[in-house]
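S.K.: Starting off with a structure, shown below.
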Amino acid sequence: MLLAACQPRIYRFTVDPPTIGNNDPVRVSWKVAGKPTLLIHDIGYPNSGGGRLSPVTLVITRHGKEDNFTLAAEDTIRLPLGSKADSLEIRKKPDGHTDDRLRYIRLVAVRGKRESPQTIEVPVRPDTASGQVGFAVVPHGDTLIAAGLNNAKTWGDDYVILTVSLEHADTSNRVIEVDHSGISRVLHRGDPPDESFKGTPVTGQWTLKTLLTPEDKAKHGQGPTGLSIFILLKHR
Amino acid sequence: MFENRSFDNMLGHLSFEGLQPAADGLKPPPNQAQYANYYEGGVYYPFQRPEDEQLDSDVPHEYDFVATQLAPGADGTPAMNGFVQAYADFTKTNPNVNCDPMCFFSSAQVPVTSFLARTFCTCDRWFCPLPTSTQPNRTVAFCGHSEIYETKLQAIPAKENIFDWLKNNNNISWGVYHDGFTFFALYPDLWTKIFTGNFFDYEQLATDLKNGTQPQVIIVEPSYQDAPHIGPDHPNDNHPPVAVGWGEDFLRRTYQAATLNPAVWAETLMVVYYDEHGGFYDHVAPQAFNNVAAGNVPPPVPNPAPPVPNTFSTLGPRVPAILVSPWIAPGTVNHTLYDHTSVLQLLAEIFTPGQPYSDAVADRAGQGIQSLSTALTDVASNTPPPPPPSDPIFVRTILGDNIATPPDNNMGRALEGAALSMIAQQPADVDAKFPLLTAWKAAVDQARPEVGSV
Numbered sequence: 298m299l300l301a302a303c304q305p306r307i308y309r310f311t312v313d314p315p316t317i318g319n320n321d322p323v324r325v326s327w328k329v330a331g332k333p334t335l336l337i338h339d340i341g342y343p344n345s346g347g348g349r350l351s352p353v354t355l356v357i358t359r360h361g362k363e364d365n366f367t368l369a370a371e372d373t374i375r376l377p378l379g380s381k382a383d384s385l386e387i388r389k390k391p392d393g394h395t396d397d398r399l400r401y402i403r404l405v406a407v408r409g410k411r412e413s414p415q416t417i418e419v420p421v422r423p424d425t426a427s428g429q430v431g432f433a434v435v436p437h438g439d440t441l442i443a444a445g446l447n448n449a450k451t452w453g454d455d456y457v458i459l460t461v462s463l464e465h466a467d468t469s470n471r472v473i474e475v476d477h478s479g480i481s482r483v484l485h486r487g488d489p490p491d492e493s494f495k496g497t498p499v500t501g502q503w504t505l506k507t508l509l510t511p512e513d514k515a516k517h518g519q520g521p522t523g524l525s526i527f528i529l530l531k532h533r
Numbered sequence: 003m004f005e006n007r008s009f010d011n012m013l014g015h016l017s018f019e020g021l022q023p024a025a026d027g028l029k030p031p032p033n034q035a036q037y038a039n040y041y042e043g044g045v046y047y048p049f050q051r052p053e054d055e056q057l058d059s060d061v062p063h064e065y066d067f068v069a070t071q072l073a074p075g076a077d078g079t080p081a082m083n084g085f086v087q088a089y090a091d092f093t094k095t096n097p098n099v100n101c102d103p104m105c106f107f108s109s110a111q112v113p114v115t116s117f118l119a120r121t122f123c124t125c126d127r128w129f130c131p132l133p134t135s136t137q138p139n140r141t142v143a144f145c146g147h148s149e150i151y152e153t154k155l156q157a158i159p160a161k162e163n164i165f166d167w168l169k170n171n172n173n174i175s176w177g178v179y180h181d182g183f184t185f186f187a188l189y190p191d192l193w194t195k196i197f198t199g200n201f202f203d204y205e206q207l208a209t210d211l212k213n214g215t216q217p218q219v220i221i222v223e224p225s226y227q228d229a230p231h232i233g234p235d236h237p238n239d240n241h242p243p244v245a246v247g248w249g250e251d252f253l254r255r256t257y258q259a260a261t262l263n264p265a266v267w268a269e270t271l272m273v274v275y276y277d278e279h280g281g282f283y284d285h286v287a288p289q290a291f292n293n294v295a296a297g298n299v300p301p302p303v304p305n306p307a308p309p310v311p312n313t314f315s316t317l318g319p320r321v322p323a324i325l326v327s328p329w330i331a332p333g334t335v336n337h338t339l340y341d342h343t344s345v346l347q348l349l350a351e352i353f354t355p356g357q358p359y360s361d362a363v364a365d366r367a368g369q370g371i372q373s374l375s376t377a378l379t380d381v382a383s384n385t386p387p388p389p390p391p392s393d394p395i396f397v398r399t400i401l402g403d404n405i406a407t408p409p410d411n412n413m414g415r416a417l418e419g420a421a422l423s424m425i426a427q428q429p430a431d432v433d434a435k436f437p438l439l440t441a442w443k444a445a446v447d448q449a450r451p452e453v454g455s456v
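Chains A and B supply the protein sequences, listed in that same order.
Using my numbering, read the first sequence as starting at 298 and increasing by one per residue.
Using my numbering, read the second sequence as starting at 3 and increasing by one per residue.
Structure representation (structure tokens):
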């Protein structure tokens, strides 16, 4: 047991909320064994369609004291944290940029020559964001059901549904019945985005159902292994 | 044999970038329904890593996690959509939008692997034999079957091992060139062989090949991530969390060694493959396979049984595999069904024609696993082998594991345990064969004098 205590450990590292609007603050909290350092950088993934990310100014507030940091596309902010357990707030200063970007917040605990890292990606979304909800299917006779709780840890509580549709989510002519927040609708490919779920939370129970098509049955009953829908969201 | 990468992770870029369209890798765009993985309502797709860098942690690949990754449907066909779920179960974190098991490398990030795949022959239906971890899959590779089903601190039986087979069949010469500690230390029955003339330092490989003094069958071992390390030695087996840059350099040096002597190269088949997928996503479902009939021990089914049964009723996931030789059609993709025993089938065809390597390997052949001979041409190419990419490979990774702390995973514990047992039982042999191990042990003794005092 004492040997284990010699290693750097990250007991807790959270970023809340995990998905933020353009000017939202996030609360970063940690508890580690070892010397903690926070690293922050933005990233544009290859093939993600984004251009070069514009610089942003981050305001980091800790114990009531504010510090400004300018974060350019390839820079990294390194913040020695001192305390083994504490929290701070990161907020982006309002500017004209509306990049849809991922912010990397990385905690590294060091003890001796050994490091223990953990990275949390925080998607920074514009006021109107898009995404998907989906689950693996469970067959029930000729019906395929994909259902479950949409994880609040992914979207937080600040986004609500504007529309749902099948666009981008399925290239077949499959019809999907959607149940969520006590509302049920049938979606067809090519239909305009459905506003029936407007204002409902993105989190919570979703159920997607579809029937095996003649094409599926011709392939030994092999339908899709998962079902998903495209969602348009609005930041509260 | 490298460690722990899936076909799509290392070679998915071949089709994604249009470099080798015939290869069944990933195809743009990556956010296609056929690639989707699901975790608590989130939909996850393959993504190209921005950089080759050290990962936050290993990626799960023990049999129970592999069962989750394969996510078999009602008829047992793997859906291949549970990789993110297994990662979340393993790390006990909410997976990032771009989480490690779904990543793949660009051609620029794996320049040597990509070069060899495009120049020689890519095998895009090579599966690891068992849907489980390192030790069972490596045992099938070198024994034809496995009496273990998981990786842990254990003495692994070496029944029907390749070394005895080579010796007992016309005394075929063989050698293991190891860049660090050898994996075969996990098989106590093989220790005598390790210390008696057939195990060589990797640095001797190029010299032997250049001089034409190499044995007929060669196994090249990288330096393992999970093995004891000390001094400037660093892992190059591509096992996460380590970055793959060192492995790329190791592969380049091995290819350069294989092509040094034209006469030796003219008779060479170099097989580059991986023990298992390491928990990384691959989009091709492994086919149904009766592994019990092929002599492999299945894991026990827990009681009560989980929704996904822990049985070995399929092959393991696809792994990267490249055949490098003047005896293959250059620049081709081979879609034949292979696994690690395809190598053993080839050896039997060459050295014991008409007689299979073993009943277990014959059973696998009977279930559709082909010999590597199906990829070979009748006439060798006399075109000189092209040089590999020569650009320096920069590795962004973290070193500095504190020797005072014991390994925190089963493979690390197994290799460290084997090293300590070897040192205790045959200290002089170990000092001669693995001098760095002696230095490592001395450092461990100083850093860990007794439990509780560090």
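Note that the Cβ used here is the ideal one computed from N, Cα and C, for glycine as well.
#1: Need the endpoints of the alpha helix (DSSP H) that Q372 (chain B) sits in, please.
#2: In angstroms, rounded to a whole number, what distance separates the CA positions of V464 (chain B) and S175 (chain B)?
#3: Three-state secondary structure (DSSP) at L132 (chain B)?
#4: Given this structure, state the Cα-to-Cα distance separating E55 (chain B) from N298 (chain B), to the nearest angstrom.
#5: Within 10 angstroms of the Cβ of A25 (chain B), are there 16 or more other Cβ atoms? Answer buried if so, exposed if not.
#6: How long is the line joining the alpha carbons of G356 (chain B) and T95 (chain B), rounded to whole angstroms?
#7: Going by DSSP, name the residue or residues bridged to E223 (chain B).
#8: Got a sec? Which residues, its chain only, sit under 6 Å from A90 (chain B) by beta carbon, not counting five neighbours each side?
#9: With a Cβ-Cβ cutoff of 8 Å, do P390 (chain B) and V112 (chain B) count as a contact?
#10: Out of curiosity, what's the CA-to-CA distance linking E386 (chain A) and V356 (chain A)?
#11: For L505 (chain A) versus A449 (chain A), is the C-beta distance shorter than 8 Å?
#12: Taking only the alpha-carbon atoms, compute the straight-line gap between V475 (chain A) and Q502 (chain A) and give it to the nearest angstrom.
#13: Specify, as a first and last residue, the run of the alpha helix (DSSP H) that A445 (chain B) falls within.
#14: Measure the Cβ-Cβ separation of D239 (chain B) and P224 (chain B) and say whether it is below 8 Å.
#15: Check the DSSP bridge columns for F202 (chain B) and list the partner residues they point to.
#16: Report all residues from its chain with a CB closer than 6 Å to the CB of Y257 (chain B); omit the five preceding and five following residues, and keep chain order.
#17: Where A433 (chain A) and T215 (chain B) are concerned, what is the direct C-alpha to C-alpha distance, given to the nearest angstrom?
#18: Run through chain B and tell me which residues come within less than 8 Å of A433 (chain A), C-beta to C-beta.
#19: Just the Cα atoms here: how many angstroms apart are V329 (chain A) and P62 (chain B)?
#20: Identify which residue in A:R471, A:H477, A:H532 has its Cα closest to the Cα of D513 (chain A).
#21: Report the residue from A:L368, A:G431, A:P423, A:I374 whose alpha carbon sits nearest the alpha carbon of L404 (chain A).
#22: Are the stretch 413-427 of chain B and the stretch 369-378 of chain B in contact at 8 Å, needing three or more beta carbon pairs?
#23: Can you tell me whether M12 (chain B) is helix, strand or coil according to DSSP?
#24: Whose C-beta lies closer than 7 Å to the C-beta of V335 (chain B) among residues of the same chain, with five residues either side of it excluded?
#25: How far does the alpha helix (DSSP H) with W167 (chain B) in it extend, from its first residue to its last?
#26: Determine which residues share a DSSP beta bridge with S384 (chain A) and list them.
#27: Starting from L72 (chain B), follow the alpha helix (DSSP H) in both directions and report where the run begins and ends.
#28: Do C105 (chain B) and N11 (chain B) have their CB atoms nearer than 8 Å?
#29: Would you identify the three-state DSSP class for E55 (chain B), choosing helix, strand or coil?
#30: For T407 (chain B) and chain A, any beta-carbon pair shorter than 8 Å?
#31: Suppose you measure from the CA of T134 (chain B) to the CA of A331 (chain B); what does that come to, to the nearest Å?
#32: Is there a Cβ from chain A that is less than 8 Å from the Cβ of P358 (chain B)?
#33: DSSP state of S413 (chain A), grouped into three classes?
#34: Does V435 (chain A) pass the burial test, meaning 16 or more other C-beta atoms within 10 Å, or should it be called exposed?
#35: Hey, Y275 (chain B) and V321 (chain B): beta-carbon distance below 8 Å or not?
#36: Comparing alpha-carbon positions, which option in A:L446, A:I307, A:T367 lies nearest T334 (chain A)?
M.R.: Taking the geometry as given:
#1: Run containing Q372 (chain B): none; DSSP gives neither H nor E here.
#2: It is not possible to answer for residue 464 (chain B), since the shown part of chain B is limited to 3 through 456.
#3: coil
#4: 36 Å
#5: buried
#6: 53 Å
#7: B:H180
#8: Y41, P97
#9: no
#10: 8 Å
#11: no
#12: 11 Å
#13: 437-449
#14: yes
#15: B:Y179
#16: P390
#17: 56 Å
#18: Y40, A73, A81, N83, G84
#19: 23 Å
#20: A:R471
#21: A:I374
#22: no
#23: helix
#24: Q22, A24, A25, T124, D126
#25: 164-170
#26: A:S326
#27: 65-72
#28: yes
#29: strand
#30: yes
#31: 32 Å
#32: no
#33: strand
#34: exposed
#35: yes
#36: A:I307
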